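Everything in the sequence shown is counted per the working numbering, starting at 67 for the first residue and increasing by one. Below is one structure, written out as structure tokens; the observations come after it.
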Amino acid sequence: MRKKGILMRKMGFTALKKQLPVYKNSKTPWKSEGGYGEKGPKIWIFLCSCLVALFVDPLFFYLPSVLNQGSGTSSCMHIDLNLGIIVTCFRTLADVLYLLHVLIKFRTAYVSPRSRVFGKGELVMDLDQIAKRYLRSEFFIDAIAALPLPQIVIWTILPAIRSSHADHTNNALILIVLLHHKDSLAGAAYNLLLYMLASHVLGASWYVLSIQRHATCWKSACTVEMNTTSCSLGFLDCSALYHSDRVKWVNSTHVFRRCNPDLSSYGQTLATSTFIGETLFAILIAIFGLVLFAHLIGNMQTYLQSITVRLEEWRLKRRDTEEWMRHRQLPQDLQQRIRRFTQYKWLATRGVNEESILRGLPTDLCRDIQRHLCLDLVRRVPFFSQMDSQLLDAICERLVSSLSTQGTYIVREGDPVTEMLFIIRGTLESSTTTEGGQDSSTRPY
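Written out as structure tokens, the structure is:
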């Protein structure tokens with residue numbers, strides 16, 4: 067005959083934790099944090115947009131170029147407008163998607179940190195509280211990352227400040243793109259992506275610094291020839307390519323012959339350069355490579371030590387449990403219940419023994435922790451709400467957390483009552499025997 071009592075139909079927790087109310091508003095947030103099944107393709111679209119933004123930013127370094135005419139006898143500094151339009155379109159698209167992500171965060175419910183004790187916690191759905199939390203935490207970083215700084219510099223600032231100094235473009239690009247790209251590096255979470263991104267940024271930096279070195283050489287040679295050939299720094303820009311004075315100057319100048327068209331001596335058969343900037347850049351690449359390698363090794367060690375040790379402990383415990391069940395010849399249904407409980411316990415705690423952590427803390431600290439976790443829960447009982455704080459602290463000290471899986475009898479009819487249970491989450495089925503037969507009711511928590 068089936069025993070009667072209270073049956074846990076779904077996985078739930080009889081845990082002592084502070085359960086905060088769900089703050090509601092007339093408007094419904096778009097989605098909630100932590101709902102992995104609800105993200106769908108949206109999270110992948112956002113991640114792809116972040117990747118596009120990360121890898122598009124260094125492409126702005128390739129906009130400056132050297133335009134050669136007449137077998138190298140005449141050259142000038144040039145901005146590739148076609149590449150600039152393409153890169154700007156991709157970067158603007160990524161900025162728009164990121165801006166939408168920022169707006170979505172203002173309507174994204176979050177899990178209250180005070181309720182993350184056991185289980186998923188409670189959602190805060192009040193839009194005012196969501197906005198205040200986001201403004202205090204990540205808003206300013208996201209706002210800086212979403213600013214279209216490279217586009218503004220390329221299409222607004224640089225045309226306004228173009229003067230006789232041909233390498234202003236390179237200096238502004240290095241400053242703006244690197245500063246803006248620094249905020250986007252927070253999204254490079256994976257080591258392989260970090261290596262690819264670093265090589266991409268360093269390669270683009272090498273190119274723009276080489277162009278700048280070329281422009282610096284031209285300026286130095288032009289300064290030397292100012293008294294003899296009336297060299298003007300404005301002649302180095304392609305905007306004055308067909309100017310009559312520049313055409314006369316090209317026929318008499320030696321500026322383009324004095325500057326070697328090979329932009330860098332590293333990795334080539336040329337003699338090593340004595341230019342201090344080039345040497346420092348090579349040293350920076352070597353140091354940056356060592357830092358990335360050390361970062362990779364450190365992350366691998368930390369990950370393997372934190373995950374492998376706990377998984378191995380769980381496997382050993384599971385193997386001991388299997389051997390014990392076979393030795394005792396337990397029935398299959400009972401073995402399945404034990405396996406399910408062990409698996410749910412691992413998913414809930416990830417191998418962390420909360421009791422051992424609390425045992426290592428001082429008594430007053432344990433008392434404060436228990437008070438934080440359990441006081442509001444105990445006060446919900448009308449009888450306990452009238453008690454003083456000292457008695458409530460004594461009650462909280464004796465509360466422990468537990469986990470009940472599907473099919474677990476919490477209390478059987480007729481058993482003596484030896485404890486009080488606070489149901490945090492799950493679904494209970496209560497069945498009692500009356501004169502008219504059996505009454506059953508189900509209540510979610």
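Just so you know, even glycine gets a beta-carbon here, dropped at the ideal spot from N, CA and C. Every value quoted in this text rests on a predicted model; they were computed, and no experiment measured them.
If you reduce the DSSP assignment to three classes, tell me which class residue 427 lands in.
coil
Given a cut-off of 9 Å, decide if residue 270 and residue 124 are closer than it, judged by their beta-carbon atoms.
yes
For residue 342 versus residue 143, is the C-beta spacing smaller than 9 Å?
In this structure, residue 143 does not lie closer than 9 Å to residue 342 by Cβ.
Once you ignore the five residues that flank residue 312 on each side, which residues in its own chain have a CB closer than 7 Å to its CB?
301, 306
Pull the bridge partners of residue 143 from the DSSP assignment, please.
132, 303
Could you have a look at residue 466 and say whether DSSP puts it in helix, strand or coil?
coil
When you compare only the Cα positions, how much space is there between residue 322 and residue 219?
Rounded to whole angstroms, residue 322 and residue 219 show a C-alpha spacing of 29 Å.
Measure the C-alpha to C-alpha separation of residue 494 and residue 478 and round it to an integer number of angstroms.
13 Å
Quick one, are the C-beta atoms of residue 431 and residue 444 less than 9 Å apart?
no
So what's residue 177 in DSSP terms, helix, strand or just coil?
strand
Kindly indicate which three-state DSSP category residue 101 falls into: helix, strand or coil?
Bear in mind that the predicted position of residue 101 carries a pLDDT of just 42, short of 50, making it unreliable; the figure below should be weighed with that in mind. Residue 101: coil per DSSP, three-state reduction.
Give the straight-line distance between the Cα atoms of residue 465 and residue 429, rounded to the nearest whole angstrom.
15 Å
Jot down the residue ranges of each uninterrupted alpha helix (DSSP H) in the region 372-420, minimum 4 residues, whole runs only, in chain order.
If we require 4 residues or more, the alpha helix (DSSP H) runs fully inside the region 372-420 come out as 398-415.
What residues are listed by DSSP as bridge partners for residue 291?
Residue 291 pairs with nothing; no bridge assigned.
Going along the chain, which residues of its own chain have a beta-carbon closer than 8 Å to the beta-carbon of residue 209, five neighbours each way excluded?
So the qualifying residues of the chain are 168.
Would residue 205 and residue 171 qualify as a contact pair, given that the criterion is a beta-carbon distance under 9 Å?
Remark: C-beta atoms of residue 205 and residue 171 approach each other more closely than 9 Å.
Let me make sure I understand the geometry here. Which of 480, 473, 469, 215 has the alpha-carbon closest to that of residue 487?
469
Does the separation of the CB atoms of residue 178 and residue 189 fall below 9 Å?
yes
Compute the distance between the beta-carbons of residue 273 and residue 156, then report whether it is under 9 Å.
no
Helix or strand or just coil, what does DSSP make of residue 346?
DSSP places residue 346 in helix when its eight states are reduced to three.
Return yes when the Cβ of residue 268 is within less than 9 Å of the Cβ of residue 354, no when it is not.
yes
State the Cα-Cα distance for the pair residue 280 and residue 162, rounded to the nearest angstrom.
Using only the alpha carbons, I get a separation of about 36 Å.
Please name the residue in 449, 221, 174, 437 whose C-alpha comes closest to that of residue 199.
174
Roughly how many whole angstroms lie between the Cα atoms of residue 377 and residue 385?
12 Å
The alpha helix (DSSP H) that contains residue 446, what's its start and end?
Unbroken run through residue 446: none, as it is neither H nor E.
Can you name, in chain order, every residue of its own chain whose Cβ lies under 7 Å from the Cβ of residue 352, other than the five neighbours on each side?
none
If you run the structure through DSSP and keep just helix, strand and coil, what is residue 362?
helix
Could you name the residues of the same chain whose beta carbon sits closer than 6 Å to that of residue 141, not counting the 5 residues immediately before and after it, in chain order?
132, 134, 322
Quick one: measure Cβ to Cβ for residue 297 and residue 319, integer angstroms, because I've assumed they're closer than 8 Å.
6 Å
If residue 288 sits next to residue 299, beta carbons under 8 Å apart, how far is it from one beta carbon to the other, in whole angstroms?
6 Å
Quick one: using the 10 Å Cβ neighbour count with 16 as the cut-off for buried, is residue 397 buried or exposed?
exposed
Of all the options 260, 420, 463, 453, which has the alpha carbon lying nearest to the alpha carbon of residue 438?
Closest option to residue 438, judged by alpha-carbon separation, among 260, 420, 463, 453: 463.
Just curious, the beta strand (DSSP E) that residue 476 is in, first and last residue?
474-478
With DSSP run on the structure shown, which of helix, strand or coil describes residue 496?
strand
What is the DSSP secondary structure of residue 158, reduced to helix, strand or coil?
For residue 158, the secondary structure class from DSSP, reduced to helix, strand or coil, is helix.
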